[in-house]
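Enquirer:
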Amino acid sequence: MMMMIFLNKAKMWTLQKEYADLRTKLEITEEISGTINLAFNEVTARQESCAQGYLQIFKEEFPILLQTEREIACRDFHDKLEVCNTKLVEEVKKEVKTTRTIAQVAQLPGAPCHRSIPLIFSPGLPQEPEGVLSSQPKTDIHKDFNKNRALILGIIKENNSVIRVRGMTKLHGGGVKIVTAEEAESKLIKQLLLSYDKEKLEDIFEMFIPPAYFV
0 MMMMIFLNKA KMWTLQKEYA DLRTKLEITE EISGTINLAF NEVTARQESC AQGYLQIFKE
60 EFPILLQTER EIACRDFHDK LEVCNTKLVE EVKKEVKTTR TIAQVAQLPG APCHRSIPLI
120 FSPGLPQEPE GVLSSQPKTD IHKDFNKNRA LILGIIKENN SVIRVRGMTK LHGGGVKIVT
180 AEEAESKLIK QLLLSYDKEK LEDIFEMFIP PAYFV
């Protein structure tokens, strides 16, 4: 009987010891968990603070960066446009050194045979502003320069307009550049082409009149 009591007490003592050990481990685990949670919350708060700081910096600097990019793009575009305009003026000046009348143009290869035009054209004054009309084909099927020149020249002749044509030269892709003594005459040619009733030329050609210049 005494042995049974002794064994029960031994078991009780063992269970109490195991319980104490488990409780100690639980307390340590809870302490570690609390430390981890505290550290996690602190790191999260710092991340949010940094994110807000970066966002504020971005909001402040983005408009400046955007404005700088716009200024660079505008300056680059302006420089390229100025170079293109200069090249265009130089090209046209080269082509109009020798003044041609519309009758002379009619004698060029590919020009249609129409009734003669009872017009006499004189070269412009040294300081007279010239006009240029560029007619560029919109599709590949109209890239024959000779046919395009003949068509345009025929329309001008049929209307008997007093237009001082100084030259008709080839553009890239079969286009035709018409140089006149004055800008008003290039505008008149454009109106003649747009009002042509046999064919809708505005669907065939892209017509452009650059600003007039002096020679």
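For the sequence shown, numbering that gives the first Met the number 0 assigns the number 0 to the initial residue and increments by one for each residue that follows.
In this text, a Cβ means the ideal position worked out from N, Cα and C, and glycines have one as well.
Please read all numbers here as calculations on a predicted model, not as lab measurements.
Residues in its own chain within less than 7 Å of Glu205 by CB, not counting five upstream and five downstream?
Expert: Gln135, Lys137
Enquirer: What is the DSSP secondary structure of Glu184, reduced to helix, strand or coil?
Expert: In the three-state reduction of the DSSP assignment, Glu184 falls in the helix class, which pools H, G and I.
Enquirer: Please classify Arg22 as buried or exposed, where buried requires at least 16 other C-beta atoms within 10 Å of its C-beta.
Expert: exposed
Enquirer: With a 10 Å radius around its C-beta and 16 neighbouring C-beta atoms as the bar for buried, classify Ile119 as buried or exposed.
Expert: The predicted position of Ile119 is uncertain, since its pLDDT is 41 and thus under 50; a value taken from the coordinates is nonetheless stated next. Burial call: exposed.
Enquirer: Measuring straight from C-alpha to C-alpha, what distance separates Val131 and Lys186?
Expert: 9 Å
Enquirer: Please work out which residues of its chain come closer than 6 Å, Cβ to Cβ, to Ile208, disregarding the five sequence neighbours upstream and downstream, and give them in chain order.
Expert: Excluding residues within five positions, the ones whose Cβ falls inside 6 Å are Leu132, Ser185.
Enquirer: How would you label His77, buried or exposed, when you count the other beta carbons within 10 angstroms and need 16 or more for buried?
Expert: exposed
Enquirer: Let me know the secondary structure DSSP gives Leu132 once reduced to three states.
Expert: strand
Enquirer: What separation, rounded to the nearest whole angstrom, lies between the Cα atoms of Leu25 and Val42?
Expert: Cα-Cα distance, rounded: 25 Å.
Enquirer: On the CB-based measure, 16 or more other CB atoms within 10 Å of its CB, does Val164 come out buried or exposed?
Expert: buried
Enquirer: Cα separation between Ile56 and Leu65?
Expert: 14 Å
Enquirer: Can you check whether the CB of Asn158 is closer than 9 Å to the CB of Leu191?
Expert: yes
Enquirer: With a Cβ-Cβ cutoff of 9 Å, do His141 and Gly173 count as a contact?
Expert: His141 is a Cβ neighbour of Gly173, given a cutoff of 9 Å.
Enquirer: Using CA coordinates, which residue listed in Val178, Ile188, Ser194, Glu201 is at the minimum distance from Leu87?
Expert: Val178
Enquirer: Measure the C-alpha to C-alpha separation of Ile31 and Lys8 and round it to an integer number of angstroms.
Expert: 35 Å
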